[in-house]
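Report on the following structure.
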Amino acid sequence: MDEQRLLFGVEKDVAQPVPADPQPLTGQVLPIGGVKQELFAAQRAGLTEVYLPQRNEPDLDDVPAEILADVTVHIVSDVREILSAALDPAHVPVG
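When we follow my numbering, the leftmost residue of the sequence shown carries the number 1, and every step to the right adds one.
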């Protein structure tokens, strides 16, 4: 079961994941393309937190500072890190 299906089955108010690229069943988070454009789209959509594959961390150098000021970027290497944050009651915004 992938993380999108798992999150839809949870009865908590969690943000709907927006997958940019398919991920393998091993749990490893693979690099994505277009990091600057993805973060710009996240900012325009009003997202305040995004999860970026560890191998894309160097791509943050190309992202304008005003986007990074509005969007908190979490660097992850395993999908369990994303699930842990999404299912953590203290992490989920209320209201």
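From the three backbone atoms N, C-alpha and C, an ideal C-beta is built for every residue, glycine too.
The Cβ atoms of V29 and P58 do not sit closer than 9 Å to each other. Around V35, the same chain offers L52, N56, D59, L60, D62, V63 as residues with beta carbons nearer than 8 Å, after the five sequence neighbours per side are excluded. The residues L39, A42, Q43, L47, T48, E49, V50, in chain order, have a CB closer than 8 Å to that of V71 in the same chain once the five nearest residues on each side in sequence are set aside. Across the structure, D88 and I75 are spaced so that their CA atoms are roughly 17 Å apart.
Apart from sequence neighbours up to five positions away, the residues of its chain that approach P31 with a beta-carbon distance below 7 Å are P53, R55, N56, ordered along the chain.
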